[in-house]
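Below is one structure; the comments refer to it alone.
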Amino acid sequence: MEKIHDKKRLVINLLDWYDEHARVLPWREEATPYRVWVSEIMLQQTRVEAVKPYFERFLKAFPSISSLANAKDDELSKVWEGLGYYNRVKNMKKCAQMCMELYDGKLPSTYEQLLQLPGIGSYTAGAVASIAFKEKAAAVDGNVLRVFSRLLVSEDDILKESTKKKFQKIILDYIPEERCDAFNQALMEIGALVCAPNAAPRCNICPLAQDCIGYQNGKAHYLPIKKAKKQRRIEKRTILVVVWKDKVLLYQRPEKGLLSKMYEFKNLEDHYLKKDIINRIGAKHVLSYKKLKDAKHVFSHIEWHMKACLIEVDEPIEEGIWCTKEELEHTYAIPSAFQTYKESLYEWWKEKSYE
DNA sequence: AAGCCGGGGAC
DNA sequence: GTCCCAGGCTT
1 MEKIHDKKRL VINLLDWYDE HARVLPWREE ATPYRVWVSE IMLQQTRVEA
51 VKPYFERFLK AFPSISSLAN AKDDELSKVW EGLGYYNRVK NMKKCAQMCM
101 ELYDGKLPST YEQLLQLPGI GSYTAGAVAS IAFKEKAAAV DGNVLRVFSR
151 LLVSEDDILK ESTKKKFQKI ILDYIPEERC DAFNQALMEI GALVCAPNAA
201 PRCNICPLAQ DCIGYQNGKA HYLPIKKAKK QRRIEKRTIL VVVWKDKVLL
251 YQRPEKGLLS KMYEFKNLED HYLKKDIINR IGAKHVLSYK KLKDAKHVFS
301 HIEWHMKACL IEVDEPIEEG IWCTKEELEH TYAIPSAFQT YKESLYEWWK
351 EKSYE
């Protein structure tokens with residue numbers, strides 16, 4: 001690990017660049033603690049472009065900490081539908097309830113207090129403390145780790161917790177007293193737009209190139225070092241879109257584990273023959289059977305290889321939720337894994353002119 | 001330290 | 001296909 005010679009110059013160049021190139025983002029317009037917090041939770045492992053359509057919608061549905069503390073779980077899930085990592089929004093509700101009880105309905109203002117709240121780890125605590133409350137705290141995310149490992153030519157594995165801690169400490173020494181909020185955001189902005197992930201670093205346009213040891217030594221391109229992650233396991237699943245008249249059969253997933261408490265079509269582990277599926281439903285109840293296209297959905301640690309069919313039954317034989325199109329659209333949150341089959345269902349309803 | 005937890009965009 | 005994103009929690 002090398003040492004930067006002129007830290008002050010680096011910080012000035014960074015802030016000057018940020019003043020000119022910062023993207024206009026909804027949560028930057030009016031950086032209230034609530035808005036900053038909501039944006040930071042949404043942005044965990046999620047790109048800016050993916051968050052944009054959710055941010056204003058969420059603020060409109062839950063404009064304050066108290067409204068969030070009193071929200072119904074299904075309404076929260078529905079607003080978060082499609083964004084992923086659904087525990088984030090569950091933790092937000094818990095967090096809002098704690099703010100009501102402990103902090104007079106507001107977010108606490110210090111890094112240490114924020115860190116105690118559910119869903120807020122070292123990065124988010126640093127981001128909210130610095131951006132919303134102007135506390136001189138580091139906010140070390142994937143961008144910052146990448147930028148700094150190149151700046152300093154660090155060959156530490158950035159996935160290790162110890163590396164993150166190390167950089168947190170180092171970076172604290174760079175943060176200017178006056179503009180800690182801009183500094184942290186500028187580092188991430190550089191990481192997103194210049195010192196890019198999944199692409200060659202654009203050192204030719206980088207305002208930090210002058211002070212970047214990785215660039216100066218021609219080592220920026222192979223950094224950061226990251227240990228290979230283990231491969232996903234594959235699960236075969238069979239999706240049964242069971243319909244009765246103008247309704248479809250839904251179930252709620254268990255409290256814990258993957259996609260907890262989200263809603264889904266009937267589905268089974270493994271793949272089955274048509275006759276076994278028909279037998280399982282009870283042959284005399286099946287009015288029609290339609291094979292649907294295969295689909296694959298990739299989670300962070302699992303791959304679902306799905307086969308599917310749409311089955312029309314003559315009476316509501318299964319215990320579950322018989323759900324209308326209206327409720328599918330406005331009430332029940334269905335994870336993206338089932339999106340293909342939600343579309344198949346809409347087409348089927350359209351053909352049957354149930355809409 | 002390693003596993004769990006989503007979804008999608010860029011290459 | 002592979003990588004990784006304004007990460008955090010649980011085991």
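Numbering follows UniProt numbering, with no gaps: position 39 of the first sequence is 39. Yeah, the Cβ is synthetic: ideal placement off N, Cα and C, and Gly gets one too. Since we're looking at a predicted model, the values are computed, not measured.
Sub-8 Å separation of S109 and K261 beta-carbons: no
Residues that DSSP places opposite N143 in a beta bridge: Per DSSP, none; premise fails for N143.
Cβ pair count under 8 Å reaching 3, the region 115 to 131 against the region 180 to 199: yes
Check whether V144 and I120 have beta carbons under 8 Å apart: no
E235 vs R253 beta-carbon contact at 8 Å: no
Pair within 8 Å by beta-carbon distance, L258 and R237: no
Range of the contiguous alpha helix (DSSP H) that encloses D294: Where D294 is concerned, there is no enclosing alpha helix (DSSP H), although the beta strand (DSSP E) it sits in stretches over 286 to 298.
Reduced DSSP category for N267 - H, G, I as helix; E, B as strand; rest coil: strand
Cβ-based burial, A69 [other Cβ within 10 Å; buried from 16]: buried
Candidates S300, R146, L240: closest to Y289 by CA position: L240
Uninterrupted alpha helix (DSSP H) stretches inside the region 196 to 253 (no shorter than 4 residues): 213 to 216
Coarse secondary structure for K78, derived from DSSP in three states: helix
Nearest-angstrom beta carbon gap, V242 and I311 [assumed within contact, 8 Å]: 5 Å
Alpha-carbon spacing of L223 relative to K247, whole angstroms: 53 Å
Simplified DSSP state of D157, which is helix, strand or coil: strand
Beta-carbon proximity list for F138, same chain, < 6 Å, skipping 5 on both sides: Per the sequence presented here, residue 138 reads as Ala, with Phe not at that position. G126, Q168, I171, L172.
Reduced DSSP secondary structure (H/G/I, E/B, other) of E351: helix
L43 in three-state terms, based on DSSP: coil
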